[in-house]
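Each remark here refers to the structure printed beneath this line.
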Amino acid sequence: MDTNRRPSKRERTLAALVEHGLDLFERQGYDQTTVAQIARAAGVTEMTFFRYFPAKEHLLLDDPYDPQLTAAVAAQPRDLPPFLRAARGIRAAWRALPEPETPSIRRRVRIAAGTPSLRGAMWRNTGNTERAIVEQLVADGASPDEARVAAASVLAALVAGLFLWAEQERTTLADAIERALDVIEVGA
Numbered sequence: 001m002d003t004n005r006r007p008s009k010r011e012r013t014l015a016a017l018v019e020h021g022l023d024l025f026e027r028q029g030y031d032q033t034t035v036a037q038i039a040r041a042a043g044v045t046e047m048t049f050f051r052y053f054p055a056k057e058h059l060l061l062d063d064p065y066d067p068q069l070t071a072a073v074a075a076q077p078r079d080l081p082p083f084l085r086a087a088r089g090i091r092a093a094w095r096a097l098p099e100p101e102t103p104s105i106r107r108r109v110r111i112a113a114g115t116p117s118l119r120g121a122m123w124r125n126t127g128n129t130e131r132a133i134v135e136q137l138v139a140d141g142a143s144p145d146e147a148r149v150a151a152a153s154v155l156a157a158l159v160a161g162l163f164l165w166a167e168q169e170r171t172t173l174a175d176a177i178e179r180a181l182d183v184i185e186v187g188a
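Numbering (full-length UniProt numbering), first residue to last: 1 to 188.
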């Protein structure tokens, strides 16, 4: 693999949109920042912004991990109770994922954690993951109610771990999520 490859124009534009968006959100607040301001700062048009992101919130909240989380839950032994399957699956998924590009991701999570409208959007995004986990648990024999409570509990701990990590510079994301899952798995 060529490690000296120059980023493509698309990759450079995406990086510029994210970097300028984060800078503006931190400087003037998420709600006060417009797509037009981000596009202008990145040297592109608003139309170009929307080719990369369907809405402003997606600059912060796009989550590539949903399929891995659901697959990791599915890989857990079916004889475990739904809560433990979900918790251990999420834990296994996070252990298997590489530590993200910390500064950019940490900035994104910090901004989301400090912006009420984004916290709501983050929970909506989590709802998609929750539905996928519930479907997997139910397909494997759990009752819908038990599956829903298990998935919601584990994902709430995951989000809490993300928010803690964003606030604490000296911890890794994996450690923060491990600690959050430890809290809810005690006595399970």
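Quick reminder that beta carbons are idealized off the backbone N, C-alpha and C, glycines included.
**Q.** Own chain residues within Cβ distance below 7 angstroms of R95, not counting five before or after
**A.** A174
**Q.** Uninterrupted alpha helix (DSSP H) stretches inside the stretch 96-161 (no shorter than 4 residues)
**A.** 102-113 and 116-139
Q.
Counting C-beta neighbours from all protein chains within 10 Å, is the total for E167 16 or more, i.e. buried, or is it exposed?
A. With a threshold of 16 other beta carbon atoms within 10 Å, E167 falls short and is exposed.
Q.
Less than 7 angstroms between the beta carbons of A147 and L137, yes or no?
A. yes
Q: Rank G120, A86, R108 and H58 by C-alpha distance to the C-alpha of T70 and give the top, closest one.
A: A86
Q | Same chain, Cβ closer than 6 angstroms to T33, five either side skipped, listed in chain order | A | So the qualifying residues of the chain are L24 and F25.
**Q.** Per-residue DSSP class, three states only, for A75
**A.** coil
Q. Is the beta carbon of M122 less than 7 angstroms from the beta carbon of A112?
A. Cβ atoms of M122 and A112: closer than 7 angstroms.
Q: Using 10 angstroms around the beta-carbon of V183, count the other beta-carbons present and answer buried if the total reaches 16, otherwise exposed.
A: exposed
Q) Does the stretch 102-110 come close enough to the stretch 36-44 that 3 or more CB-CB pairs lie under 8 angstroms? A) no
Q | Q28 burial status per 10 Å Cβ neighbour count (16 or more: buried) | A | exposed
Q: Note down the Cα distance separating L84 from R6, rounded to an integer number of angstroms.
A: 44 angstroms
Q: Go through its chain and collect everything with a Cβ distance to A142's Cβ below 6 angstroms, but skip five positions before and after it.
A: P82
Q. When DSSP labels each residue in this structure, what does G21 get in the three-state scheme?
A. Residue state for G21 is assigned as helix, using DSSP reduced to three classes.
Q: List the endpoints of the continuous alpha helix (DSSP H) containing V186.
A: In the DSSP assignment, V186 falls outside any alpha helix (DSSP H) and carries neither an H nor an E.
Q.
So A160 and A139 are supposed to be a Cβ contact under 8 angstroms. How far apart are they, rounded?
A. The pair is not a contact, with the Cβ atoms about 27 angstroms apart (cut-off 8 angstroms).
Q. When the Cα atoms are used, what is the spatial distance from Y52 to A42?
A. So the alpha carbons of these two residues sit roughly 13 angstroms apart.
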